[in-house]
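Q: Numbering (the working numbering), first residue to last: 38 to 368. Think of the CB as a built atom: it goes at the ideal place given N, C-alpha and C, for glycine as much as any other residue.
(1) Within 10 angstroms of the Cβ of residue 190, are there 16 or more other Cβ atoms? Answer buried if so, exposed if not.
(2) To which residues of the same chain is residue 214 closer than 7 Å at the C-beta, ignoring the five residues directly before and after it?
(3) Quick one: what does DSSP say residue 371 is sitting in, helix, strand or coil?
(4) Say the cut is 6 Å; is the CB of residue 289 nearer than that to a heavy atom of the ligand MN?
(5) Can you have a look at residue 352 and say buried or exposed, based on whether 16 or more other CB atoms are within 10 angstroms of its CB?
(6) Where do the ends of the alpha helix (DSSP H) carrying residue 183 lie?
(7) Can you check which of these residues, 356, 91, 328 and 122, is closest to residue 203 by C-alpha distance?
(8) Going by Cα to Cα distance, which pick from 199, 233 and 195 is closest to residue 217?
(9) Under 7 Å between the Cβ atoms of residue 334 and residue 288?
(10) Taking C-beta to C-beta, are residue 360 and residue 74 nearer than 7 Å?
(11) Starting from the Cα of residue 276, find the closest Cα among 339, 243 and 138 and give me that residue.
(12) Pull up the distance between the alpha-carbon of residue 58 and that of residue 81, whole angstroms please.
(13) Exposed or buried, residue 183, counting other C-beta atoms within 10 Å across all chains shown (16 or more means buried)?
(14) Could you spell out the range, first to last residue, of the beta strand (DSSP E) harbouring residue 292?
(15) Which ranges would you report for the alpha helix (DSSP H) in the segment 270 to 335 if only whole runs of at least 4 residues count?
(16) Quickly, what does DSSP pair residue 46 with across the bridge? List them, please.
(17) Mapping DSSP to helix, strand and coil, what is residue 123?
(18) What whole-angstrom Cβ distance do residue 224 and residue 166 have, given they're in contact under 8 Å?
(19) At the level of alpha carbons, what is the spacing between residue 243 and residue 254?
(20) Taking the alpha carbon of residue 368 as the point to measure from, which residue in 212, 326, 178 and 307 has its own alpha carbon closest?
(21) Tell me which residues share the same chain as residue 262 and place their Cβ nearer than 6 Å to its Cβ, disregarding the 5 neighbours each side in the sequence.
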């Protein structure tokens, strides 16, 4: 990833202590670049920021309607959730609804990020299971599609019909052939793409109402579900949830591991893709907030914004020791 640019800075007093560099692209509904920082052609792994693309086959195949899925299910299919009760109870109900169990998952057990759920497991002496995995909603979607297709149980294999459907959808909305894939944290394939390609895909979602076909209809449903249920897409205290609420439904947001972030902006028909090269979450959250403020979609003084951009850094005594802010010249 050559030539990243400074996007977020850590200041301690009058000293610039750290800088987070990255790449970002804004595309319009034709797939063309509106604005870019760094290298738009940098090849990236969008990680969980691509979940709404991976959910397209669930909806466009007819599986979502065949199993009477609601918007809550679709939001969870796009989620990297905290493993709180509002997430796990819904995922368990989804499995019950399609006649599957936690043993059918291939995402692996994960300790929940939600403190209340984590403490409850510890106090009860129970171990986390696959339903607590932050990707369990996506995998419930995979299982639903898999049952609809009548395919084999190993749905995370790259040759499986579920993943081949995901790859076809991914390359179509990104407008380019993926150069390859890796195994993600939840064991599903994650497809590489240029940063422009990912921004192009998000612009596809942003302008989907004006496009023909079942894929566009699926994109609209998934985007609207994310905005309607921001608490299911991530959870309390998380950037995706808090910034979507702060934007009052004007933006769909999704983070990905290793400091990836996307934004879908329907009213402007724009898509945003962003990658911080050092993998720092704080850098990605600051940078995406800065872009949304620049576009007039987020109030710079909203508490959710100030938590991530111009956010004070405090020591263990509560003394303010520094600040994280957008880099000079970025946005």
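A: Reading off the structure:
(1) Residue burial annotation: residue 190 is exposed, with fewer than 16 other C-beta atoms found within 10 angstroms of its C-beta.
(2) For residue 214, where only same-chain residues beyond five positions count, the Cβ hits under 7 Å are 208.
(3) A query on residue 371 cannot be resolved here, the shown segment of the chain reaching from 38 to 368 and no further.
(4) Questions concerning the ligand MN fall outside what the structure shown contains, since it holds no ligand whatsoever.
(5) Flag for residue 352 reads exposed.
(6) Boundaries of the alpha helix (DSSP H) around residue 183: 173 to 186.
(7) Looking only at 356, 91, 328 and 122, the smallest Cα-Cα distance to residue 203 is reached by 91.
(8) The candidate whose alpha carbon is nearest that of residue 217 is 195.
(9) Taking C-beta atoms as the reference points, residue 334 and residue 288 count as a pair closer than 7 Å.
(10) With respect to residue 74, residue 360 sits apart: the two C-beta atoms are not nearer than 7 Å.
(11) With distances taken between CA atoms, residue 276 lies nearest to 339 out of 339, 243 and 138.
(12) Each residue's CA atom was taken as its position, placing residue 58 and residue 81 some 14 Å apart.
(13) Under this definition residue 183 is a buried residue.
(14) Looking at the DSSP string, the run of the beta strand (DSSP E) that includes residue 292 is 289 to 293.
(15) DSSP runs (the alpha helix (DSSP H)) wholly in the segment 270 to 335: 276 to 283 and 318 to 331.
(16) According to DSSP, residue 46 bridges with 56 and 362.
(17) When secondary structure is reduced to three states using DSSP, residue 123 falls in the helix class.
(18) With 8 Å as the limit, residue 224 and residue 166 do not qualify as a contact, their Cβ atoms being about 15 Å apart.
(19) Looking at the two C-alpha atoms, the distance is approximately 12 Å.
(20) The candidate whose alpha carbon is nearest that of residue 368 is 326.
(21) Annotation for residue 262: 108, 111 and 112 place their beta carbon closer than 6 Å to its own, counting only its chain and skipping 5 residues before and after.
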